[in-house]
Amino acid sequence: MSLPPGPRLPSPLQLVGLFGRTVPYLDRCLERYGTVFTIRLPRTAPMVYLAEPELIKAVWARDRVNGLPAGRRIVLEPLLGPRSVLIQEGGEHLRRRRLMLPPFHGERMRRYGSLMEEIVLRDVERWPVGKPFALLPRMQAITLDVILRTVFGTRAGTREDALRIELADVLRRTASASAQVSVLLAEQLGQKVTPFHRAVRCVDALIHEELRERRRAPDLAERDDIASMLMTAHDEDGNPLTDDELRDQLVTLLAAGHETTATALSWTFDALFRNPDVRERLERSLPDGDAYADAVVEEAMRIRPTVPDVGRTLGEPLTANGYELPAGTDVFASVQLLHRRADLFPEPAAFRPERFLDGSPSTYAWIPFGGGMRRCLGAAFAQFEMRNVLRTVLEHTRLEPATGRAEPIDRNPVTLVPRHGTPAVLVGRS
Ligand code: HEM
């Protein structure tokens with residue numbers, strides 16, 4: 001089988017390149033091989049990278065028959081569970097996705113605005129004044145609170161506190177590449193119960209307890225939090241979700257919905273720190289509405305996408321730059337490369353929200369949330385939340401960068417994160 005060319009380095013070195021120095025490694029591949037190239041990692045099928053909107057469109061148009069590369073399952077299943085909408089394929093995926101879409105519709109989502117503001121203000125109260133601190137952990141705490149409240153409503157009480165602690169613990173145990181490798185290694189060595197597994201069991205026990213209690217609640221059908229809505233939802237055949245299935249979807253929302261948003265927020269602050277003129281315009285624009293804030297969020301996700309690539313296993317052959325890729329090939333839309341193509345985004349290294357002021361970003365060039373039939377379910381929610389957090393922080397604090405240098409990019413298993421967590425200094429609150 002002849003795949004597009006790519007680096008000829010031994011596969012372990014390609015692994016080090018792709019995960020150790022993601023951005024320069026991909027840049028070099030693009031320079032050398034063009035917008036379609038193949039990366040080979042140990043014990044993994046070849047990965048064909050695509051940085052071409054038309055090809056990405058063609059892949060996503062086939063999402064009905066496409067599958068997912070094995071990596072997504074390997075990295076996410078231990079936490080999310082086998083039935084998670086993020087890792088199911090084909091008809092099973094579609095059935096679950098349909099059930100989970102309604103809670104994310106616009107109007108419903110907008111009701112969370114004041115809750116978000118309240119959560120940010122409570123957290124800001126705890127930020128130290130005059131001492132450098134990392135923004136990323138604060139953003140993680142805020143987005144975790146937001147997603148817990150959105151998913152479970154405000155009634156979970158002490159169980160919500162316990163869930164917050166246990167979930168933060170589980171996520172810490174898989175957040176970095178080295179933590180993920182140690183979990184996978186322990187499994188390979190036959191170690192069935194690692195500290196990670198114990199932490200997952202704690203989360204499971206809390207969620208099952210919550211579900212049991214809710215099932216007895218007489219007003220379950222009237223509640224409008226996501227957990228209650230999913231508990232009362234039925235698929236096309238009239239079947240409700242089982243508790244095991246509910247567990248997987250709820251953990252998916254909690255995990256997918258907070259770490260990514262916190263990282264994107266942290267990158268947004270980093271970009272604002274490096275571009276005081278943009279920050280000034282943003283602060284001036286806030287009383288007049290959200291248009292500029294939305295553009296800032298979109299531009300931050302362009303220049304620093306949280307998820308660097310989005311994979312599919314082709315369900316049908318695809319011709320890419322003259323190469324006939326057979327069904328079964330793993331292809332990856334390179335968010336990272338696409339977002340910095342000068343023909344799609346002139347002066348791509350410049351942080352210029354104005355480029356998004358005149359209309360929505362292009363569906364196949366601006367792709368921080370993936371696309372096709374698997375586009376992020378929480379995309380609108382995430383953008384709404386980012387804009388709200390940004391607005392509340394800027395309106396109620398005087399925040400300065402703690403360093404003159406832009407944050408270097410580190411690679412975690414799934415995301416690109418600011419290496420030092422975006423250090424900042426709170427000069428004052430208002
Ligand atoms: C800035 C924040 C976020 C980013 C960058 C992000 C990014 C992504 C990406 C790249 C995918 C894969 C899409 C694909 O395969 O085409 C995805 C899927 C998903 N995301 Fe997000 N996400 C964010 C926030 C959220 C939030 C807030 C939620 C839920 C509350 C969420 C829930 C999901 C779910 C359920 C899927 C699976 C969709 C499917 O396979 O059908 N995400 N996200």
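Under UniProt numbering, read the sequence shown as residues 1 to 430, first letter to last.
Ideal Cβ positions, reconstructed from N, Cα and C, are used throughout, including at glycine.
Exercise for the section: Go ahead and pull the three-state DSSP assignment for residue 339. Expected result: If you number the sequence shown from 1, residue 339 lands on position 339. Coil, per DSSP.
Exercise for the section: Indicate whether residue 143 and residue 262 have their beta-carbon atoms separated by less than 7 angstroms. Expected result: Counting from one through the sequence shown, the residue named residue 143 turns up at place 143. Counting from one through the sequence shown, the residue named residue 262 turns up at place 262. Yes, Cβ-Cβ distance for residue 143 and residue 262 is below 7 angstroms.
Practice task
Specify whether the region 398-412 and the region 267-286 touch according to this definition: at least 3 beta carbon pairs, one from each stretch, less than 8 angstroms apart.
Solution key: yes
Handout entry: ligand 1 heavy atom lying under 6 angstroms from the CB of residue 264
Key = Taking the first residue of the sequence shown as position 1, residue 264 is located at position 264. Residue 264 Cβ: within cutoff of ligand 1.
Exercise for the section: Label residue 235 either buried or exposed according to how many other C-beta atoms from any shown protein chain fall within 10 Å of its C-beta, with 16 as the threshold for buried. Expected result: By 1-based counting over the sequence shown, the position of residue 235 is 235. Its Cβ having fewer than 16 others within 10 Å, residue 235 is exposed.
Handout entry: Cross-strand partners of residue 324 (DSSP beta bridge)
Key = Locating residue 324 in the sequence shown gives position 324, counting from the first residue. Beta-bridge pairing links residue 324 to 319.
Practice task
Check residue 49 in the structure and name its three-state DSSP category.
Solution key: Residue 49 sits at position 49 when you count from the first residue of the sequence shown. DSSP places residue 49 in strand when its eight states are reduced to three.
Exercise for the section: Use the C-beta contact count for residue 165: other C-beta atoms within 10 angstroms, 16 or more gives buried, fewer gives exposed. Expected result: Numbered from its first residue, the sequence shown carries residue 165 at position 165. By the neighbour-count rule (16 or more Cβ atoms within 10 Å), residue 165 is not buried but exposed.
Handout entry: Beta-carbon contacts of residue 73 that lie in its chain and below 8 angstroms, excluding the five residues immediately before and after
Key = Counting from one through the sequence shown, the residue named residue 73 turns up at place 73. Cβ neighbours of residue 73 beyond the five flanking positions: 87.
Exercise for the section: Drop a sphere of 10 angstroms on the beta-carbon of residue 403, count the other beta-carbons inside from all chains shown, and report buried for 16 or more, exposed for fewer. Expected result: As a first step, residue 403 must be located in the sequence shown, where it is residue number 403. Its Cβ having fewer than 16 others within 10 Å, residue 403 is exposed.
Problem - Element boundaries [alpha helix (DSSP H), containing residue 134] - result: Within the sequence shown, the letter at position 134 stands for residue 134. Run containing residue 134: none in the alpha helix (DSSP H); it sits in the beta strand (DSSP E), 132-134.
Problem - Straight-line gap, residue 47 to residue 69 (C-alpha atoms, nearest Å) - result: The residue given as residue 47 occupies position 47 in the sequence shown. The residue given as residue 69 occupies position 69 in the sequence shown. Roughly 9 angstroms between the two C-alpha positions.
Practice task
Between the Cα of residue 206 and those of 231, 122 and 250, spot the shortest distance and give me the residue it belongs to.
Solution key: What you label residue 206 is simply residue 206 of the sequence shown in a count that begins at 1. The residue with the shortest Cα to Cα distance from residue 206 is 250.
Practice task
With DSSP collapsed to three states, give me the class of residue 371.
Solution key: Locating residue 371 in the sequence shown gives position 371, where the first residue counts as 1. Coil, per DSSP.
Practice task
Keeping to the same chain, check which residues put their C-beta closer than 8 angstroms to that of residue 200; ignore five residues upstream and five downstream.
Solution key: Along the sequence shown, read from residue 1 onward, the residue named residue 200 stands at position 200. Within the same chain, residue 200 has close Cβ partners 78, 79 and 170.
Exercise for the section: Would you mind working out which of 401, 360, 307 and 114 sits nearest residue 291, comparing C-alpha positions? Expected result: Taking the sequence shown and counting its residues from 1, the one referred to as residue 291 is at position 291. Nearest C-alpha to residue 291: 360.
Exercise for the section: Locate the alpha helix (DSSP H) running through residue 74, then write down its first and last residues. Expected result: Here residue 74 refers to the residue found at position 74 when the sequence shown is read from its first residue. Note, residue 74: alpha helix (DSSP H), 70-80.
Exercise for the section: Measure the Cβ-Cβ separation of residue 357 and residue 295 and say whether it is below 7 angstroms. Expected result: For the purposes of this step, residue 357 is taken as the residue at position 357 of the sequence shown. For the purposes of this step, residue 295 is taken as the residue at position 295 of the sequence shown. Yes, the Cβ-Cβ distance between residue 357 and residue 295 is below 7 angstroms.
Handout entry: Unbroken beta strand (DSSP E) run spanning residue 39, endpoints
Key = Here residue 39 refers to the residue found at position 39 when the sequence shown is read from its first residue. Taken as a continuous stretch (DSSP letters only), the beta strand (DSSP E) holding residue 39 covers 36-39.
Problem - Distance cut-off 6 angstroms: residue 90 Cβ against heavy atoms of ligand 1 - result: Taking the first residue of the sequence shown as position 1, residue 90 is located at position 90. The answer is no for residue 90.
Problem - residue 415 to residue 382 span [Cα, whole Å] - result: By one-based count along the sequence shown, residue 415 stands at place 415. By one-based count along the sequence shown, residue 382 stands at place 382. Their backbone Cα atoms lie some 15 angstroms apart in a straight line.
Practice task
Compute the minimum distance between the beta carbon of residue 368 and the heavy atoms of ligand 2, and state whether it is under 6 angstroms.
Solution key: Inclusion of ligand 2 in the displayed structure is not the case, the ligand content consisting of ligand 1 alone.
Handout entry: residue 222 - containing beta strand (DSSP E), residue span
Key = For the purposes of this step, residue 222 is taken as residue 222 along the sequence shown, with counting starting at 1. Element bounds for residue 222: n/a, residue is neither H nor E.
Problem - Heavy atom of ligand 1 within 6 angstroms of residue 382 beta-carbon - result: Residue 382 sits at position 382 when you count from the first residue of the sequence shown. Yes, Cβ of residue 382 sits closer than 6 angstroms to a heavy atom of ligand 1.
Handout entry: Reduced DSSP category for residue 362 - H, G, I as helix; E, B as strand; rest coil
Key = Position 362 of the sequence shown holds residue 362. Coil, per DSSP.
Problem - Check: residue 260 C-beta below 6 angstroms from any heavy atom of ligand 1 - result: The residue you call residue 260 lines up with position 260 of the sequence shown. True, at least one ligand heavy atom lies under 6 angstroms from that Cβ.
Exercise for the section: Taking only heavy atoms of ligand 1 into account, decide whether any of them is closer than 6 angstroms to the Cβ of residue 257. Expected result: Here the question's residue 257 lines up with position 257 in the sequence shown. The answer is yes for residue 257.
Handout entry: Proximity to residue 224 [Cα-Cα], best of 111, 43, 14 and 4
Key = Locating residue 224 in the sequence shown gives position 224, counting from the first residue. The shortest Cα separation from residue 224 among 111, 43, 14 and 4 belongs to 111.
Practice task
Say yes only if the C-beta of residue 113 is nearer than 6 angstroms to one or more non-hydrogen atoms of ligand 1, and no if none qualify.
Solution key: To locate residue 113, count along the sequence shown from 1; it is residue 113. Residue 113: no, Cβ never under 6 angstroms from ligand 1.
Problem - Buried/exposed call for residue 284, threshold 16 Cβ in 10 Å - result: On the sequence shown, position 284 is the one that residue 284 refers to. When all chains shown are included, residue 284 counts as exposed.
Practice task
With hydrogens ignored, establish whether the beta-carbon of residue 377 is closer than 6 angstroms to any heavy atom of ligand 1.
Solution key: For the purposes of this step, residue 377 is taken as the residue at position 377 of the sequence shown. Yes; taking the cut-off as 6 angstroms, the Cβ of residue 377 has a heavy atom of ligand 1 nearer than that.
Practice task
Return the CA-CA distance between residue 297 and residue 289, expressed in angstroms with no decimal places.
Solution key: Translated into positions along the sequence shown, residue 297 becomes position 297. Translated into positions along the sequence shown, residue 289 becomes position 289. Their Cα atoms are separated by approximately 14 angstroms.
Practice task
Apply the 10 Å Cβ neighbour rule to residue 330 and answer buried if 16 or more other Cβ atoms are within range, or exposed otherwise.
Solution key: One-based indexing of the sequence shown puts residue 330 at position 330. Buried is the call here.
Practice task
With residue 332 as the anchor, note down where its beta strand (DSSP E) starts and where it stops.
Solution key: Numbered from its first residue, the sequence shown carries residue 332 at position 332. Counting along the chain, the beta strand (DSSP E) containing residue 332 begins and ends at 330-334.
Problem - ligand 1 heavy atom lying under 6 angstroms from the CB of residue 130 - result: In the sequence shown, residue 130 corresponds to position 130, counting from 1. No, ligand 1 has no heavy atom inside 6 angstroms of this Cβ.
Exercise for the section: Confirm the yes/no value for this check: CB of residue 230, any heavy atom of ligand 1, distance under 6 angstroms. Expected result: Looking up residue 230 in the sequence shown gives position 230. False, no ligand heavy atom lies under 6 angstroms from that Cβ.
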